[in-house]
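Student:
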Amino acid sequence: MLLRVSRRLNLRRDWYLVAVAAGIGLVTAFGAIGFVELLHLAEHSVAGVYERFGWWIVPVPLVIGAALTSCLVYFFAREAKGHGVPEVMDALYRKGGRIRPRVAIVKSIASVCTIGSGGSAGAEGPIVQIGSAIGSGLAQVLRLPREQASTLLGGGAAAGSASGFNAPIAGIFFVLEILLRDFSLRTFTPIVVAAVMSTMLTQAYYGENEAIFAATKLLEGRYEFDYRELPSYVILGVVCGFVGLAFIKALYFSEDFFDKLRVHPLVKPVIGALLLAGLGVLFLQLGQAGAVPQETATGGLAYGSEAIPPFFGNGYETIRGLLDPASFTGGAMIAGGLSVELWLLLALVVCKCLATCFTLGSGGSGGVFAPSLFLGASAGALCGVALDAMGLLPDDSSPAAYALVGMAAVVAATTHAPLTAILILFELTRDVYVLLPIMLAAVMSTLVAQTVMRDSIYSLKLRRRGVLVGTMADLTIMRRLTARAVTPVPHVSVRMSDPLSKLLELRGSYHIADFVVTDDDGRYVGMVTAQDVRTALIEREAIPYLLVEELARADLPTVHPEDTLDRVLEKFSMHDVGSLALVDATDEDRPVGLITRSRLMRRYQEALRESSGVTKD
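Sequence positions in the sequence shown follow the numbering used here and run 29 to 645.
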């Protein structure tokens, strides 16, 4: 119906995607609001249980939540397992942008069970998968082609991310930089509309437009970037790069461990919950003994209830505490002149990494974005405290600023998307004073992460499934390489006056299918393709009377050695042949070989692997 209306009004072919994307944004906003409200209800209920019964009750909600999650995932939607975004990417690359509608419901409930019970995971993965399922489902209802279905899926993902974090710009770039890897205007417009509509409805529902991690106390101190801190932020970027790498390796190690564990899949999340419970109880007991304090001397680092370990759930309260400069003043001193927060922060980094591995590696449902923020804030604060202890921090600076910058740096290292990390931290905090160090540290951490590991925390899972994830540089690769990079096939020339029987003899002798036709001076005239020969063989009795000129195609273009591969591929697609004549660089009328479609694609795949750091076995 929309297509018929567009044709009658003489509108652009894909104009209706904008209208559909607006609808997806509104529906996704309702889905995100419902998910967040349900998650808050579960978190408050479980917090009340912890506060009433104390630390010994810690394993009970975790085990119940893990058991419910495993049942939902195992019986209704296996795609709801894990951190969600790789499943969305898999749907884009291998399934034509199709996600089963039930995934949105199962993912919502399973993630609420996991995170609400105390599992260490984030809400961004579920919200992105919910929005993607809504966009994909609507595309399936409208029976849209693959390209447009992928755009609407991306619009749903952007709408979910924008609504869940009140960060429309970051949601848009998350989809363009990580999921679709496409910044074309045709893709950009519907995604922007979906994100804007979703954010608008969410803000109208809550009646506010506040940043999730508003660094108001840091701003009250009038913190500004000091050029003397430049080396410190470079170091912070490098440290966060290795923290991100360690997190990726630990998470996938835990997934492999639980995959090889010879127990029923329904039991694995329960085992992970028990391990997390043991870690939480150990942390609480050490805290009560004074080895790991529950808060700083000033009380700035608030975890909520003392019965809830700070690395349970999404950890937002702990992150907010780390962004408060008051958390790093007046702390008790220990041997070596280092404040006690140093050991607390180190414990938070290690425990959060382990907690997330136990939760998601065992089969829980949730995202990795919030754990990355937590790790970044803890690692950044750790660097800030260490620098302060060594006297390398300016008087007007604070470890809280390093915690803020560290959040962006670890997100950039895990996702290999520095632009998204920079924008999302800006929108989550609304703090312009640390924008420059955020940019520097995010780029440095991404450089470190990509040097050591070419895959992000999302694309590594697809790589393990045999899916070679392209990059935004795919078209650049095609334009960078020329026909010289493709090994040509030796050609056999024939004349217009040659009989067809000669082609059949040459075909049997040289085992070739396509022939270059030249004139008496050896200049290119046309080609006889394998399809032309097969057509002639249908009438075998006419073969003795046919000449090459009756089969030759003069409409086929030639390939110059300096033609870029995208141009050569365009020639192939326009004429639907298997080979084209390669001509001499100095004489465009003299053929020197054949460029085949298969060799061109093989060379492109080799270049793609080289750019991705993958070696062929």
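Beta carbons: idealized from backbone N, C-alpha and C, even for Gly.
Exposed or buried, GLY365, counting other C-beta atoms within 10 Å across all chains shown (16 or more means buried)?
Tutor: Residue placement at GLY365 cannot be trusted, given a pLDDT of 37 that sits under 50; what the coordinates show is reported in the next sentence. So GLY365 ends up on the exposed side.
Student: Could you spell out where the beta strand (DSSP E) holding LEU373 opens and where it closes?
Tutor: No beta strand (DSSP E) holds LEU373; the alpha helix (DSSP H) holding it covers 369-389.
Student: If I measure Cβ to Cβ from SER333 and keep anything under 7 Å in the same chain, skipping five residues before and after, which residues do I get?
Tutor: Any reading at SER333 is ruled out, since the residue's pLDDT is 49, under 50, leaving its predicted position unreliable.
Student: Return yes when the Cβ of GLY412 is within less than 8 Å of the Cβ of ALA441, no when it is not.
Tutor: No, the Cβ-Cβ distance between ALA441 and GLY412 is not below 8 Å.
Student: Run the CB neighbour count on PRO22, radius 10 Å, all protein chains shown included, and call it buried at 16 or more, exposed below.
Tutor: Nothing can be reported for residue 22: it is not among the residues displayed for the chain, which extend from 29 to 645.
Student: Residues in the same chain with beta-carbon distance under 7 Å from GLN456, minus the five sequence neighbours each way, listed in chain order, please.
Tutor: Looking at the sequence itself, residue 456 is Leu, so the reference to Gln does not match. Closer than 7 Å at the Cβ level, and outside the excluded window around LEU456, lie PHE193, ALA195, ALA239, ILE240 and PHE241.
Student: In angstroms with no decimal places, state the Cα-to-Cα distance between VAL169 and GLY110.
Tutor: When rounded, the distance between both Cα atoms is 27 Å.
Student: What are the uninterrupted segments assigned as alpha helix (DSSP H) that are 4 or more residues long and contained completely in the region 392-473, given in chain order?
Tutor: Taking only runs of at least 4 residues, the alpha helix (DSSP H) segments lying wholly in the region 392-473 are 397-417, 427-443 and 446-457.
Student: Output yes or no for whether 8 Å exceeds the beta carbon distance between LEU575 and SER525.
Tutor: Yes. Within cutoff.
Student: Just to confirm, are VAL377 and GLY150 a CB contact at a threshold of 8 Å?
Tutor: No; because the gap between Cβ atoms is not below 8 Å, this pair is not in contact.
Student: For the beta strand (DSSP E) holding TYR552, just list the boundary residues, first then last.
Tutor: It spans 552-556 - the beta strand (DSSP E) in which TYR552 sits, taken as one unbroken run.
Student: Run the CB neighbour count on THR474, radius 10 Å, all protein chains shown included, and call it buried at 16 or more, exposed below.
Tutor: Buried: at least 16 other Cβ atoms inside 10 Å.
Student: Taking ALA558 as the reference, give the member of HIS588, PRO572, ARG535 and PHE81 with the closest Cα.
Tutor: Among HIS588, PRO572, ARG535 and PHE81, the Cα nearest to that of ALA558 is on ARG535.
Student: What residue from VAL561, PHE270 and GLY554 has the CA that sits closest to SER586's CA?
Tutor: First, the residue type needs correcting, since residue 586 is Thr and not Ser in the sequence shown. Taking only the C-alpha atoms, the option nearest THR586 is GLY554.
Student: If I measure Cβ to Cβ from VAL262 and keep anything under 8 Å in the same chain, skipping five residues before and after, which residues do I get?
Tutor: Closer than 8 Å at Cβ, skipping near neighbours: LEU468, ALA469 and MET472.
Student: Roughly how many angstroms lie between the CA atoms of ILE10 and ALA354, to the nearest whole one?
Tutor: Summary: the structure shown does not reach residue 10, with the chain confined to residues 29 through 645, and so no result is reported for it.
Student: From this set, CYS379, PRO527 and ARG562, which residue's C-alpha is nearest ALA545's C-alpha?
Tutor: The sequence given here has Val at residue 545, not Ala. Closest option to VAL545, Cα to Cα, is PRO527.
Student: Is the region 126-141 close to the region 282-291, with three or more CB pairs under 8 Å?
Tutor: With the cut-off at 8 Å, the region 126-141 and the region 282-291 do not touch.
Student: In its own chain, which residues sit with a C-beta less than 6 Å from the C-beta of ALA70, not counting the 5 before and 5 after it?
Tutor: Cβ neighbours of ALA70 beyond the five flanking positions: VAL140 and GLY144.
Student: Between ILE158 and LEU420, what straight-line distance do the alpha-carbon atoms span, to the nearest angstrom?
Tutor: Rounded to the nearest angstrom, the two C-alpha atoms are 46 Å apart.
Student: Give the DSSP-derived three-state secondary structure of VAL46 in the structure shown.
Tutor: In this structure, VAL46 counts as helix in the three-state DSSP scheme.
Student: Could you check whether VAL433 and LEU403 sit closer than 8 Å to each other, using their CB atoms as the reference points?
Tutor: No, these two residues do not count as a Cβ contact at 8 Å.
Student: Alpha carbon to alpha carbon, how far is SER189 from GLU152?
Tutor: Rounded to whole angstroms, SER189 to GLU152 spans 6 Å at the Cα level.
Student: For GLU610, which of VAL514, ALA94, SER406 and GLU236 has the nearest alpha-carbon?
Tutor: Glu is not the amino acid found at residue 610; the sequence shown has Leu there. Measuring from the Cα of LEU610, the nearest candidate turns out to be VAL514.
Student: Please tell me whether ILE200 and VAL221 are closer than 8 Å, where the distance is taken between their beta carbons.
Tutor: It is not a contact, given that the beta carbons lie outside the stated cut-off.
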